[in-house]
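Step one of this worksheet: look at the structure below.
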Amino acid sequence: MLVSCSPKGNDFSPCPSLHSQQVPLMRYCSTRGGVHGLDLCNVLFSGFAPDGRMFMPESLPVLSPDTLRSWTGWWWRSPHIPTHLMPRDHLEALVTEALSSFTVPEVVRFAKLKEGLTIVELFHGNTLAFKDLAMTCTVRFLDYFLHKQKRRAIVLVGLAQVDVVVVYPRRRITPVQEKHMTTCLQGNIHVFADGTSDDVDVPLHCLFADQELVQAHGLMSLNSVNWSRIMIQLAHFIYAYLHMSGLEKALTPLFLAGCVVKQMGVPLRLVAMVNTNDIVQRTVQCGDLSMAADVKQTLAPAIDIQDPYNMERVFWLLSGRDGALVKGIMEDFQCSHRHTLPEQLHTVVHCHRLSAGTITDEGIMESMRRCWEQNQYLLCPHTAVSVWHHYHTPPNAQLNRCYLATASPAKFQSAVQRAGMALDLPESLSSLDNRGMTTGGLGCPPRDKPCPPYVNPMKTGEKNVYELRYCILMDVQLQWE
3 MLVSCSPKGN DFSPCPSLHS QQVPLMRYCS TRGGVHGLDL CNVLFSGFAP DGRMFMPESL
63 PVLSPDTLRS WTGWWWRSPH IPTHLMPRDH LEALVTEALS SFTVPEVVRF AKLKEGLTIV
123 ELFHGNTLAF KDLAMTCTVR FLDYFLHKQK RRAIVLVGLA QVDVVVVYPR RRITPVQEKH
183 MTTCLQGNIH VFADGTSDDV DVPLHCLFAD QELVQAHGLM SLNSVNWSRI MIQLAHFIYA
243 YLHMSGLEKA LTPLFLAGCV VKQMGVPLRL VAMVNTNDIV QRTVQCGDLS MAADVKQTLA
303 PAIDIQDPYN MERVFWLLSG RDGALVKGIM EDFQCSHRHT LPEQLHTVVH CHRLSAGTIT
363 DEGIMESMRR CWEQNQYLLC PHTAVSVWHH YHTPPNAQLN RCYLATASPA KFQSAVQRAG
423 MALDLPESLS SLDNRGMTTG GLGCPPRDKP CPPYVNPMKT GEKNVYELRY CILMDVQLQW
483 E
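This note's numbering applies: residue 3 is where the sequence shown begins, and numbers increase by one.
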């Protein structure tokens, strides 16, 4: 994949330094070495690779300093998809349509605040989160190829021709986040809930391991297992680098995309800031890939995890694409829930100027209050995790730094109130209260109510795998017939 750029605005004048080049056909492989040579379309319609792991490009283009300098003042618009898969004009039309729903003309906005704090606002899409940038493009790519190939698909998330199965951690996300997932009343939406974020990943892994089920029912994933999501996130970093003329910081949950961009030659320093669920911090700083006993519930629920599966891609990338090494690391971790990174790999992490930090809920609220008092600017709790680093790290005159705002504070009213502030919900969120809750399939009752008789809330363990499989084999397939 290559990121193409065009001048700020709504037109698509191509960047000559990119499109005048002959771009090689990108092929994809598994992080554990069991699959090679697939094209983007194969990867797009997948979750985990057939060997049970994740896809990565077999090679990455390198952006020279001259190429990056030539892009200064341009703005990213679309990923490179080979023209034999999608003609250029079709790609540009799909991306234009995807970005037309954003509420600011520039799509991504930079907020320059006091004390040299720069926030990259990635949350101006439909659900007020950074994922809108990648998701709005990815679903249009899916729709395009489904029509082109006359296929149907079942999407596991954890358009025409698609059934969507949503799995989320009930009572571990905010009411606004829950309503976004439970107020879509179309018949092709099937919602399951319970457990932690890590718990809901387990049945998805099990289902994708059943290749007969995957092939028979067109099973795929739209979470960050899908390479398309990461591919589009690469543009966040390149755009921020061009805007800042030398970016120092880019923070979780986009750590993987930042590592890929570094491998492509963009001179970044990455800091992965996390909450008290600190497995990423311990892995990066100490080589300690080990789960804690429990997932702690914090003010930043999107990073309440102890099994950061995209770290497997980071290990693969930094190990020189050593699938056998990655296989050994991850199999040991999956069996024992702990692994100490090989010294050579951990050394490479530090040579790539990757670092990490962790803060408590008190630190999150401190960042939110300080930013508000100085700037009258509200941070969401996830962005506050990142900004804590800014407030506690001396500035470096030789480096610019900015912080990726992954969500609007409006989605986290409870955290805003605990920090001593208040905000009014935008109409797009307040209107969710007037919608009905999903009850088809395994519907989700309000978070403070017991489950009614028609609802089977998903439980951890083997039962949730059975329930998801039953939904796919019976509820969804019957609708298709």
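Every residue gets a Cβ at the ideal spot worked out from N, C-alpha and C, and that includes glycine.
Query, Result
"3 or more residues per run - each beta strand (DSSP E) lying fully within the region 242-297", "272-276, 290-292"
"Minimum C-alpha distance to proline 344 - residue among Leu327, Cys353, Leu356, Gln336", "Leu327"
"Cβ-Cβ distance between threonine 138 and alanine 100 below 8 Å", "yes"
"Three or more C-beta pairs below 8 Å linking the region 350-357 and the region 372-390", "no"
"In DSSP terms, what cysteine 353 is bridged to", "Paired residues: none, contrary to the question."
"Under 8 Å between C-beta atoms of tyrosine 241 and valine 110", "yes"
"Neighbourhood of tryptophan 229 by C-beta, 6 Å cutoff - its chain only, sequence neighbours within 5 removed", "Val45, Phe57"
"Buried versus exposed call for arginine 71 [16 or more other C-beta atoms within 10 Å across all chains shown]", "exposed"
"Stretch pair the region 281-297 + the region 365-372: three plus CB contacts closer than 8 Å", "no"
"Beta-carbon gap between phenylalanine 123 and glutamine 376 smaller than 8 Å", "For clarity, residue 123 is glutamate in the given sequence; the question names phenylalanine instead. Against a cut-off of 8 Å, the Cβ pair of glutamine 376 and glutamate 123 comes out as no contact."
"Proximal residues to alanine 409 (C-beta, below 8 Å), its chain only, five neighbours per side dropped", "Phe125, Leu130, Ala131, Phe132, Ala304, Cys382, His384, Thr385"
"Buried versus exposed call for glutamine 346 [16 or more other C-beta atoms within 10 Å across all chains shown]", "exposed"
"Separation of serine 226 from asparagine 277, as counted between CA atoms", "20 Å"
"Nearest-angstrom beta carbon gap, leucine 319 and glutamine 235 [assumed within contact, 8 Å]", "Rounded, the Cβ-Cβ distance is 14 Å, inconsistent with contact."
"Residues sharing a beta bridge with methionine 341, DSSP", "The sequence shown places histidine at residue 341, not methionine. DSSP lists Leu291 as partners of histidine 341."
"The ligand NAP heavy atom lying under 7 Å from the CB of glutamine 283", "Among the ligands in the structure shown, none appear at all, so the ligand NAP cannot be discussed."
"Exposure label - threonine 85; buried when at least 16 CB within 10 Å", "exposed"
"Straight-line Cα distance separating methionine 88 from glutamate 94", "10 Å"
"Same chain, Cβ closer than 6 Å to lysine 329, neighbours up to 5 away in sequence not counted", "Arg34"
"Alpha-carbon spacing of aspartate 324 relative to threonine 349, whole angstroms", "15 Å"
"Endpoints, beta strand (DSSP E) assigned at tyrosine 30", "30-32"
"Outcome for valine 351 when other beta-carbon atoms lying within 10 angstroms are tallied against a minimum of 16", "buried"
"Start and end residues, beta strand (DSSP E) containing serine 223", "221-223"
"Buried/exposed call for arginine 79, threshold 16 Cβ in 10 Å", "In this prediction, arginine 79 scores a pLDDT of 48, lower than 50, which makes its location untrustworthy; the coordinate-derived value is nonetheless stated afterwards. Per the 10 Å Cβ criterion, buried."
"Which listed residue (Leu301, Ala407, Glu333) has its alpha carbon closest to that of tyrosine 311", "Glu333"
"Own chain residues within Cβ distance below 7 Å of proline 428, not counting five before or after", "Ala412"
"7 Å CB neighbourhood of glycine 422 in its chain, flanking five on each side removed", "Arg371"
"Alanine 274 versus valine 263: straight-line alpha-carbon distance, rounded", "15 Å"
"For leucine 112, the residue or residues it bridges with in DSSP", "Looking at the sequence shown, residue 112 is not leucine but phenylalanine. Bridge partners of phenylalanine 112: Val122."
"Contacting residues, own chain, Cβ-Cβ under 6 Å from leucine 119 (five flanking each side not counted)", "His392"
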